[in-house]
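These protein sequence lines are chains B and R, in that order. For the first sequence, our numbering assigns the number 1 to the initial residue and increments by one for each residue that follows. For the second sequence, our numbering assigns the number 1 to the initial residue and increments by one for each residue that follows. Comments concern the structure below.
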Amino acid sequence: MNKKVINPETLNWEWEIRPETSWWNINLKELYAYKDLILQLARKEFLGLYQQTLLGPFWALLQPLLTVLIYVLVFNNVIGISTGNVPPFLFNLIGITLWNLFSEVFLQTSKTFSLNAEIFSKVYFPRVVVAISTLWLQLLLFAVQLILLFATYLFLVLQGNLNFNIANILLIFPIIIITTGIGFGGGLIFSVLTAKYRDLSALINLLIRLLMFVCPIFYTMSMVPENMQWFVIINPLSSLFEYFRYAFLGTGTLNIFLLSYSTIFMITIVAFGIMLFNKMSDKLIDIL
Amino acid sequence: MSDIVIKAENISKLYKLGTIGSGSLRRDMQLWWEDKILNKENPNKYITGGKKIDNNEIIWALKNIDFEIKQGEALGIIGHNGAGKSTLLKILSRIVKPTEGVIRGRGRVSSLLEVGTGFHAELTGRENIFVSGHILGMKKAEILKKFDEIVDFSGVEAFIDTPVKRYSSGMYVRLAFAVAAHLEPDILIIDEVLAVGDADFQKKCLGKMNDASTKSGRTVIFVSHNLQAVSNLCPKAIWLDKGSVRSRGTSKTVINDYLSTLQKKSWKKEFTDLKNAPGNDFIKVFSVELKPQFVESSSIIDIRTPLTIKFRFYNTSDNILLAAGIHLFTLSGECIFDVSNDSLLFEKGFIDGECNIPGNFLNNGSYYISIIFVEDSSKQLYYYEECLSFDVEDYRENMNWYGDWMGYVRPKFPVILKQSK
């Protein structure tokens with residue numbers, strides 16, 4: 001036991017404001033106290049998103065549907081990428097559903113500071129609350145897309161084009177968690193960076209568009225030429241797409257080392273993202 | 001001892017002027033590299049003592065602020081623009097961190113630095129009550145419980161399911177304040193929110209705040225330019241000036257101190273030699289002075305204070321029929337009155353003049369005075385324009401009305417009411 005001199009005066013203070021911020025000060029109890037706010041912010045975003053629109057939440061379905069149709073047209077019909085026995089529509093839908101999850105979580109989280117600067121400069125709550133509510137909303141929208149994916153999948157299974165394997169399907173949950181984690185952690189880091197350096201937000205959009213092409217979304221890892229393999233392998237998202245496709249189709253290149261690499265990458269980036277976000281969130285208000 | 005709910009020690013806040021940070025990622029990384037790894041001296045680094053280096057100027061928005069607030073106390077914070085009031089509130093509300101110092105406290109804090117924080121224009125009034133309530137720190141159950149009360153207070157029942165973007169600005173503000181007014185924190189921090197809404201609504205708001213501190217025993221910290229409201233709502237006040245506490249104590253004394261330094265600037269003009277004195281070949285003005293006869297122990301001009309204008313000028317002509325007139329203008333240039341003496345015969349030499357403005361005559365506001373010198377009641381000799389300016393402060397007793405009092409003058413003519421039989 002180290003001897004601590006306790007000043008009776010400081011004993012029953014409930015809170016304290018000090019100049020310094022620690023790297024790791026997530027207060028889970030405080031965060032839990034803000035759960036109503038998290039849900040309310042997600043609700044506000046959701047309602048705001050579809051206010052005065054023709055199709056409302058159906059946009060969440062329309063967007064992947066249209067994208068898939070274009071992909072099938074361009075990559076499979078025009079360029080002629082083969083999807084084997086799998087119908088091209090399902091093949092692309094699987095990739096795009098997971099990609100949408102990653103890109104939306106990443107992009108929306110990275111806007112945490114730039115979109116909420118005004119609120120942040122007027123009222124206090126743990127800033128990570130906003131990021132969590134964004135994450136929650138994106139997961140809900142993803143769930144809608146997942147339903148579309150399952151509907152298509154089950155339709156094809158019932159037609160006898162595919163074999164259903166329950167053990168494989170369960171694989172999607174760890175894959176979803178790892179993908180979300182990488183998107184969220186990366187988003188947190190970029191939310192701090194874009195708040196400080198505005199020009200980075202343009203870079204993010206470019207980055208995400210380019211990243212899409214190096215992920216095996218409309219092609220499989222096995223299609224990549226030998227001398228370019230390393231390029232796909234260093235991308236921690238690659239194996240996630242392969243496993244996600246495997247869960248539905250039972251085909252693909254599986255590599256447990258690559259999956260472990262993705263998992264470790266996810267844990268690292270989430271931890272670093274939260275730490276950076278925490279450390280910088282107080283300072284950023286001064287320069288927003 | 002134990003009833004102190006906020007104790008601030010040595011609070012300071014430093015801001016850099018100009019572009020914050022060096023603006024580019026490359027430069028920041030280079031600085032970090034040199035600073036942390038190579039241990040080189042950073043040309044942009046702030047050095048204790050406020051030494052200015054490079055083109056990075058710094059400013060202490062707050063410097064060594066100490067204070068304590070007791071349970072149930074209402075504290076007013078006054079000061080000029082840029083005195084650090086808002087910075088202090090932001091630190092107390094945990095929005096920004098202090099550069100130095102510690103604040104300790106107990107109890108739930110809510111801050112109202114703006115009306116309508118978190119409102120979403122596309123959403124209905126109903127949704128926004130929930131959004132804003134949650135952002136300000138209310139729980140869902142709390143909002144549900146008070147929902148009807150909030151709607152009732154705002155007076156926008158009919159439009160509660162309309163998106164707030166279609167609200168008039170008055171309705172918007174009323175709804176926003178209604179949410180805020182129903183917060184029930186232990187400590188409430190309020191910044192200037194009274195500058196909004198019509199007079200009637202302002203009265204409602206002040207009433208609500210008064211209830212918060214006197215009836216519910218809540219601790220209130222209140223920043224406002226409305227000194228009348230501060231002195232009525234807060235028994236104690238702090239005057240911030242250039243980031244430091246200039247004066248503290250009961251709000252009556254603090255406000256008195258504050259206004260008297262503000263007012264005294266232009267009460268007297270004096271010239272010692274003929275050359276510098278304003279005037280012309282006929283008239284040279286040597287001094288003009290405003291002498292208030294302060295009421296009670298106050299040292300500021302308020303609506304009760306009788307004023308005397310004294311002036312002394314040199315008349316260059318013998319046997320001249322001379323009159324001097326005082327013109328009193330509002331700041332916007334409207335003349336309130338024009339008084340003068342009957343023309344009198346004067347010899348060459350100094351002449352003293354005096355004019356008394358009774359108390360309980362002018363309304364509160366800013367005024368200036370011009371003096372006109374006339375020969376033979378028709379020929380203007382010299383017009384000394386805007387020679388004095390002064391402010392008249394409001395004073396009210398036993399009154400629940402804090403809005404603007406109408407009219408240029410505020411005489412105490414009796415108004416008599418009788419019960420008719």
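Glycine included, every Cβ here is placed at the ideal spot set by N, Cα and C. For clarity, every value in this text was computed on a predicted model and none was experimentally measured.
Quick one: which chain B residues come within Cβ less than 7 Å of residue i?
i, result
"residue 312(R)", "Those do not exist, as residue 312(R) stays about 55 Å from chain B at its closest Cβ, beyond 7 Å."
"residue 275(R)", "Per Cβ cutoff of 7 Å: no residues; residue 275(R) is ~53 Å from chain B at best."
"residue 118(R)", "119"
"residue 130(R)", "40"
Is it the case that the Cβ atoms of residue i and residue j are separated by a distance below 8 Å?
i, j, result
"residue 287(R)", "residue 275(R)", "no"
"residue 188(B)", "residue 274(B)", "yes"
"residue 239(R)", "residue 231(R)", "no"
"residue 52(B)", "residue 104(B)", "no"
"residue 94(B)", "residue 64(B)", "no"
"residue 92(B)", "residue 124(B)", "no"
"residue 189(R)", "residue 89(R)", "yes"
"residue 247(B)", "residue 169(B)", "yes"
"residue 195(B)", "residue 114(B)", "yes"
"residue 348(R)", "residue 376(R)", "no"
"residue 108(B)", "residue 134(B)", "yes"
"residue 311(R)", "residue 284(R)", "no"
"residue 224(R)", "residue 74(R)", "no"
"residue 225(B)", "residue 98(R)", "no"
"residue 171(B)", "residue 243(B)", "yes"
Whole angstroms are fine: how far does the CA of residue j sit from the CA of residue i?
i, j, result
"residue 165(R)", "residue 117(B)", "20 Å"
"residue 162(R)", "residue 116(R)", "16 Å"
"residue 82(R)", "residue 217(B)", "56 Å"
"residue 69(R)", "residue 113(R)", "19 Å"
"residue 205(R)", "residue 397(R)", "19 Å"
"residue 206(B)", "residue 100(B)", "16 Å"
"residue 240(B)", "residue 126(R)", "43 Å"
"residue 42(R)", "residue 202(R)", "Per-residue confidence for residue 42(R) stands at a pLDDT of 49, beneath the threshold of 50, marking its modelled position as unreliable; no derived number is given."
"residue 250(R)", "residue 173(R)", "32 Å"
"residue 95(R)", "residue 412(R)", "48 Å"
"residue 200(B)", "residue 190(B)", "8 Å"
"residue 33(R)", "residue 259(B)", "35 Å"
"residue 414(R)", "residue 207(R)", "28 Å"
"residue 268(B)", "residue 237(R)", "50 Å"
"residue 173(B)", "residue 129(R)", "37 Å"
"residue 286(B)", "residue 279(B)", "13 Å"
"residue 263(B)", "residue 73(B)", "34 Å"
Going along the chain, which residues of its own chain have a beta-carbon closer than 8 Å to the beta-carbon of residue i, five neighbours each way excluded?
i, result
"residue 374(R)", "322, 323, 324, 325, 340, 343, 380 and 381"
"residue 222(B)", "252 and 253"
"residue 410(R)", "303, 360, 361, 362, 363 and 364"
"residue 152(B)", "89, 90 and 93"
"residue 212(B)", "99 and 103"
"residue 233(R)", "74, 76, 206, 209, 210, 213, 220 and 222"
Using a Cβ-Cβ cut-off of 7 Å (strictly less than) and excluding sequence neighbours within five positions of residue i, which residues of its own chain qualify?
i, result
"residue 300(R)", "256, 259, 260, 263 and 393"
"residue 5(B)", "Low local confidence applies: a pLDDT of 46 at residue 5(B) is under 50, so the model's placement there is unreliable, with the coordinate-based value given in what follows. Within the same chain, residue 5(B) has no close Cβ partners at all."
"residue 9(R)", "66, 101 and 102"
Whose C-alpha, out of the options, is nearest the C-alpha of residue i?
i, options, result
"residue 90(B)", "277(B), 249(B) and 208(B)", "249(B)"
"residue 385(R)", "412(R), 413(R), 329(R) and 419(R)", "329(R)"
"residue 85(B)", "73(B), 162(B), 133(B) and 47(B)", "162(B)"
"residue 128(B)", "180(B), 185(B), 122(B) and 235(B)", "185(B)"
"residue 241(R)", "4(R), 87(R) and 406(R)", "87(R)"
"residue 351(R)", "138(R), 176(R), 171(R) and 282(R)", "282(R)"
"residue 293(R)", "309(R), 285(R) and 284(R)", "309(R)"
"residue 198(B)", "68(B), 16(B), 12(B) and 111(B)", "111(B)"
Along chain B, in chain order, which residues have C-beta atoms closer than 9 Å to that of residue i?
i, result
"residue 105(R)", "13, 14, 15, 16 and 17"
"residue 98(R)", "17, 18 and 19"
"residue 422(R)", "What the structure shows of chain R is the stretch from 1 to 421, and residue 422(R) is not part of that stretch, so it cannot be assessed."
"residue 290(R)", "Within chain B, no residue comes near residue 290(R); the closest Cβ sits about 42 Å away, beyond 9 Å."
"residue 102(R)", "16, 17, 18 and 19"
Who are the Cβ neighbours of residue i in its own chain at under 6 Å, not counting the five residues just before and after it?
i, result
"residue 395(R)", "302, 303 and 304"
"residue 107(R)", "5, 186 and 187"
"residue 366(R)", "331 and 391"
Which chain R residues are close to residue i, counting only those with a beta carbon under 7 Å from its beta carbon?
i, result
"residue 141(B)", "Those do not exist, as residue 141(B) stays about 18 Å from chain R at its closest Cβ, beyond 7 Å."
Which residues in chain R have a C-beta closer than 9 Å to the C-beta of residue i? List them in chain order.
i, result
"residue 285(B)", "90, 95, 96 and 97"
Against chain D, does residue i count as a neighbour if the rule is that its beta carbon must be under 8 Å from one of theirs?
i, result
"residue 224(R)", "No chain D appears in the structure shown, which is made up of the protein chains B and R."
Using a cut-off of 8 Å between C-beta atoms, extract the partners of residue i located in chain B.
i, result
"residue 139(R)", "36"
"residue 134(R)", "36, 37, 40 and 41"
"residue 9(R)", "The premise fails here: residue 9(R) is roughly 11 Å from chain B at the closest Cβ pair, so nothing lies under 8 Å."
List, in order along the chain, the chain R residues whose C-beta lies closer than 8 Å to that of residue i?
i, result
"residue 51(B)", "122, 123 and 163"
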